[in-house]
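In what follows, a single structure is set out as structure tokens and then discussed.
2 protein chains.
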Amino acid sequence: MNDRRTAILEAAATVIARRGVRGLRVEELAAEAGVSKALIYYHFEDRTGLLRRTLAFVNNRAERYTAEQAATGQPGAEAPAGPLRRLEQALLLELQDLPHVRENSTAWGELRASAVFDPELRGELALASVIWVREVADQLGEVRPAAPESALTASAERLTALLEGLSARWLSGVLSLTDARTRMREAIGVEVAHLAQLD
Amino acid sequence: MNDRRTAILEAAATVIARRGVRGLRVEELAAEAGVSKALIYYHFEDRTGLLRRTLAFVNNRAERYTAEQAATGQPGAEAPAGPLRRLEQALLLELQDLPHVRENSTAWGELRASAVFDPELRGELALASVIWVREVADQLGEVRPAAPESALTASAERLTALLEGLSARWLSGVLSLTDARTRMREAIGVEVAHLAQLD
DNA sequence: GTCTATAAAGCGATAGAC
DNA sequence: GTCTATCGCTTTATAGAC
């Protein structure tokens, strides 16, 4: 629809990933998007409004590429194989050193951290979280169809929270990407084994 | 040693927990600590230097109260019981709605998030992380003495990363404290069961 | 070591033309 | 819708007295 608006949101994700929410300057954002500062205030109420929209944008983009890889085979990737492999792929998707993934993960982490002090961001965040947990729970259900719903949800909450913890460590340089990915894969194995015992 | 210095660091943790790293204003910090702005610049090089010292301070304080509860029985708390209970207590310690715990967790989360964009904070952060993982791994070793060292470390990394993820969700209002604590306890159970299978 | 006062710069936000 | 120009407050940081 509105090209400029989208360009600003894309640029906002880029700048947030580069400088953090704390470091986001409307002037730098304007330069990145190739527009004037005033236009940003025209399209978005104020700085916080901009952040809220950016969070929604980042969420959508993440959902979009998760859906893509779930549906059709990625170009250059193998066939999806079984439900366990699809689950692993979905969870490991955020732990990749590709520019747009890193950008999305960084921006997401930043906006989540900001929500601790900015209640306006919480609605968006909670919504995304619920959707994401539900998705993972569904995929776990395909791996372990006999497991009770509540156990699937609990496992999904643990796995997604772990993913966020590992991602934060990776992005802050405390944990290597390789280790983060290994811990994530192990956790999936451990949770799936746990669900098997409940059958 | 230096009373004023410590007072400033304590106040910094308080203000960061209240406003975030981004919201930390030297003026507000000065008021909170009951000193002048200039004194803060006298004791700490600049804003970033202050943050680095505050991160170290928050780490020490967390270690201190973890050690306390591990060593002697908490006032008003039951006897420590077995190694599994001690492990649970240690990991659940950060998921409590007590003012000083919430303050420490919030400040820690903020500083960790800031480290993504501020390499000066990373050293301190990595150090604290290693110590924390080691501690949890040791406690896991007491619960499962037959488990190999590498498996203990991997489990400890997962549990501590999960704790950070759950803590972030709790503090940003996405997850209730009760749910966060439940997920943490379940995860400990799942990991301990996993380690038992490796014996 | 600690304070008051002030410089210097940064930055969000708006007015007004096109 | 979009830009240029600018206002005005906020905030970091320092100078200099005690």
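Sequences listed follow chains W and S, in order. Just so we're aligned, residue 1 is where the first sequence starts under the UniProt record's numbering, counting upward by one. Just so we're aligned, residue 1 is where the second sequence starts under the UniProt record's numbering, counting upward by one. Glycine residues also receive a C-beta, built at the ideal position from the N, C-alpha and C atoms. All values derive from a computational prediction rather than experimental measurement.
C-alpha gap between residue i and residue j, whole angstroms
i               : j               : result
L127 of chain W : V190 of chain S : 27 Å
R158 of chain W : L175 of chain S : 12 Å
T48 of chain S  : S114 of chain W : 19 Å
L93 of chain S  : T66 of chain S  : 8 Å
G123 of chain W : L177 of chain W : 30 Å
N59 of chain S  : N59 of chain W  : 32 Å
A137 of chain W : S155 of chain W : 7 Å
R5 of chain S   : A38 of chain S  : 13 Å
A13 of chain S  : G23 of chain S  : 12 Å
P148 of chain S : D179 of chain W : 18 Å
R85 of chain S  : L98 of chain S  : 20 Å
A11 of chain W  : V101 of chain S : 37 Å
Q96 of chain W  : R181 of chain S : 29 Å
R112 of chain W : S172 of chain S : 7 Å
G165 of chain W : T160 of chain S : 8 Å
V133 of chain S : R61 of chain S  : 17 Å
P145 of chain W : Q139 of chain W : 10 Å
R18 of chain S  : A81 of chain W  : 48 Å
V167 of chain W : S105 of chain W : Going by the sequence as given, residue 167 of chain W is Ser instead of Val. Rounded to the nearest angstrom, the two C-alpha atoms are 8 Å apart.
D46 of chain W  : L125 of chain W : 19 Å
L121 of chain W : E110 of chain W : 11 Å
E28 of chain W  : L29 of chain S  : 28 Å
Contact list for residue i against chain S, beta-carbon separation under 9 Å
i               : result
H194 of chain W : E186, G189, V190, A193, H194
First and last residue of the uninterrupted alpha helix (DSSP H) at residue i
i               : result
D138 of chain W : 122–143
Q197 of chain W : 177–198
P99 of chain W  : 99–115
A161 of chain S : 149–171
Chain-ordered neighbours of residue i on chain W, where CB pairs are closer than 8 Å
i               : result
V21 of chain S  : R22
R183 of chain S : A154, E157, R158, A161
E110 of chain S : A113, V116
R122 of chain S : S172, G173, V174
Closer than 8 Å at the beta carbon, the chain S residues around residue i
i               : result
L29 of chain W  : Per Cβ cutoff of 8 Å: no residues; L29 of chain W is ~15 Å from chain S at best.
R169 of chain W : S129, A161, E164
Chain W residues whose Cβ lies nearer than 9 Å to that of residue i
i               : result
S114 of chain S : G20, R22, A113, S172
Chain W residues whose Cβ lies nearer than 7 Å to that of residue i
i               : result
L162 of chain S : R158, A161, L162, G165
Interface partners of residue i on chain S, CB under 7 Å
i               : result
F117 of chain W : R19, G20, G23
L125 of chain W : S172, V174
T106 of chain W : V116
Restricting to runs no shorter than 4 residues, where is the alpha helix (DSSP H) found entirely within the stretch 6–93 of chain S?
26–33, 37–43, 47–71, 83–92
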